[in-house]
Structures are given as structure tokens and as C-alpha cells.
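Per this note's numbering: the sequence shown = residues -5 to 274.
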Amino acid sequence: MESFDALTSLVAGGGVVVLSGAGLSTESGIPDYRGPSGVARRHTPMTFQAFTRDPLARRRYWARSHLGWRLIAGAAPNAGHRAVAGLQHAGLVDTVITQNVDGLHGAAGSPSVIELHGRLDEVTCLDCGNLTSREELHRRLREANPEFVARVAAVNPDGDVDLPDEQVAAFRPVDCGICGTGMLKPDVVFFGETVPAQRVARCFAAVEQARSLLVLGSSLTVMSGRRFVIRAAKRGIPVAIVNQGPTRGDGHATVCVDAPLGVVLPQLAARVATGAPLKV
Ligand SMILES: [Zn+2]
């Protein structure tokens, strides 16, 4: 496999910045919106506008998310996350930028992670700005909804689940426990919302200092992640992409490997660590 050879030598050269997406977490049981085939998602994610302006949409989000949280909170990092952490500890990967909100890079031991779209295990108040833990909110939602038991059909990557309207109607969301009345929102960047400028600037700075950019498990459909690939390509920084299926960044990539990340990354880490020649 020529592409695997090229990928290995790129990573062995060090100075790698990783950009990871949902495809890295599917093997931890967190489904990708788009799936390996890149087909359109079955589920429309919550937009910031609907969340803040429509009380029913907000109730629906919290009811679904309250159920989905158990799955997200219980997810464990997989071999792909651990391989990335290993490459960081080996000094080959400098920074991980992730589009994922599941916290699994940190759980796998990655020391330096920029969580581009925030994290689901923190909750922010849109009025007073206080951050609280999702566990604390989960406890409060359980207390406010002692009778709420629903069957979960499917869980989405943002911790949202599919739920019938009559079950949504019975759910009681809670307001901020600190200021008392503020609207609570998971501390993640919703669709239709912009990533904080300072965070984006940190990502661009990391990419511009990189010797290579390694994209893992992202179809690069949204500009939020794709812009880093475009910037790297413009600066002549090699881009490698490991993903199941084509991505919107393939035209900028010097190496593309179409394979499951849980298989490719441990092999890559092992080969880089031992300097062993590739067996094909
Ligand atoms: Zn508040």
C-alpha cells in the first residue's frame, strides 16, 4: 500500500497536527451523522436559532439529550484515540484539533487538545455565562422529571436521540441553577453558531506551525474544519486524510487512506514507533 507508506513517513517526520471528526468516535459507539458512505443524515441537528428562539425546540432538545447523555457519558475511547495519544506522547503529534464534543481524546490521555466545537460534558448559561458540569444538570433534570422514562430509538453524535412528540411534551427542562432564570445550553457549538474567534485563531496558529496536517475521520463537509485543510494546502503543508469514504478535502491532500481508523491508527503508531518496514 503506497498510501500507507506515505502516511507513515509523514507522521514519522513529526510536527503533526491532527484534525479529528466523528469518524474517529464511531468505534466508541457514537454514530456519525453522515456515515462511511457520506450519505445525507437522517437526523437534522439542532440549530442555535431554533434552540434560543423556540421553547418547544428547546424542550425537545433537552428531553432527547437527557436520554442520550447516558450513552455519551458511558462511551470509552477506542484504539484510534489511544493511538493518537501515543503519537502525542512520542512527540510526533503536537496538537489535536477535534470537531468532536465527546471528550474522548482527553479520556484516552491526549495532553493537548483544542475542542473546536466545545464539549458536551459542560453546560453554559446564556444569561450569566456560568459554566457548570453536565453531571450536575443531569441530576437536576432527573429530579425535575422523576417519572420520565422513554425508549430510545437512536442516539446522535451530539447526544440527541429520536423521541416521539408526546414524550417530549411531558418533559420539564430546568433553568440556570446559579442566576436562577438563565437559559441553559450545552457548551457546544450548534449548527448556525460560530466557533469563538480566539479558539479558531489558536487552531490556525497550530496548523501554520505544523510540518503536516493529519485529518482523521472527518468528511470535511462543514467549513468549520475544512478551512484548516485549505490553509495548510495554501501554505504548502502536506495534508494526509484517513477516513472511510471520500472527503471534501481530498483535492488538497497529498495522501488519502480509505480504511477504518481503529485498524489503521494502531498499525501506524506501531510502525512509526518501531521504525519497522511496512508489510503489504
Ligand atoms: Zn445563569
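Glycine included, C-beta positions come from ideal geometry on N, C-alpha and C. Only a predicted model underlies this, so the values are computations on that prediction, with no experimental measurement involved.
* To do: Name the one or two DSSP bridge partners that Pro39 has.
  => None; Pro39 has no bridge partner.
* Does the beta-carbon of Gly245 have 16 or more other beta-carbons within 10 angstroms, so that it is buried, or is it exposed? -> Counting Cβ neighbours within 10 Å, Gly245 comes out exposed, since fewer than 16 surround it.
* Span separating the alpha-carbon of Asn124 from that of Val194 -> Rounded to the nearest angstrom, the two C-alpha atoms are 22 angstroms apart.
* Outcome for Ser213 when other beta-carbon atoms lying within 10 angstroms are tallied against a minimum of 16 -> By the 10 Å Cβ count, Ser213 comes out buried.
* Please indicate yes or no: does the CB of Ile224 lie closer than 7 angstroms to some heavy atom of ligand 1? => For Ile224, the shortest separation between its Cβ and any heavy atom of ligand 1 does not lie below 7 angstroms.
* To do: Check each candidate in Gly23, Asp115, Asp121 and name the one with the smallest Cα separation from Glu351.
  => What the structure shows of the chain is the stretch from -5 to 274, and residue 351 is not part of that stretch, so it cannot be assessed.
* Please indicate yes or no: does the CB of Asn237 lie closer than 7 angstroms to some heavy atom of ligand 1? => Not so, every heavy atom of ligand 1 lies at least 7 angstroms from the Cβ.
* To do: Report yes if the C-beta of Pro121 is less than 7 angstroms from at least one heavy atom of ligand 1; otherwise report no.
  => Here residue 121 turns out to be Asp, not Pro, going by the sequence shown. Yes; taking the cut-off as 7 angstroms, the Cβ of Asp121 has a heavy atom of ligand 1 nearer than that.
* Asked: Can you tell me whether Lys228 is buried or exposed, with buried defined as 16 or more other CB within 10 angstroms of its CB?
  -> Label assigned to Lys228: exposed.
* Asked: Could you give the distance in angstroms between the alpha-carbon of Arg103 and the alpha-carbon of Asn72?
  -> The identity of residue 103 in the sequence shown is Gly, whereas the question assumes Arg. Near 12 angstroms, if we compare the C-alpha coordinates of Asn72 and Gly103.
* Cα-Cα separation, Gly15 to Val236 -> Each residue's Cα considered, the two are about 11 angstroms apart.
* Counting only the same chain and skipping the five closest in sequence on each side, list residues whose C-beta sits under 7 angstroms from that of Ser(-3). => By the criterion of a C-beta distance shorter than 7 angstroms, Ser(-3) is surrounded in its chain by Val249, Cys250, Val251, once the five residues flanking it on both sides are discounted.
* Asn124 CB to nearest heavy atom of ligand 1 below 7 angstroms -> Yes, since a heavy atom of ligand 1 falls inside the 7 angstroms radius drawn around the Cβ of Asn124.
* In the DSSP assignment, find the alpha helix (DSSP H) that holds Glu202 and state where it starts and stops. => In the DSSP assignment, Glu202 falls within the alpha helix (DSSP H) that extends over 191 to 203.
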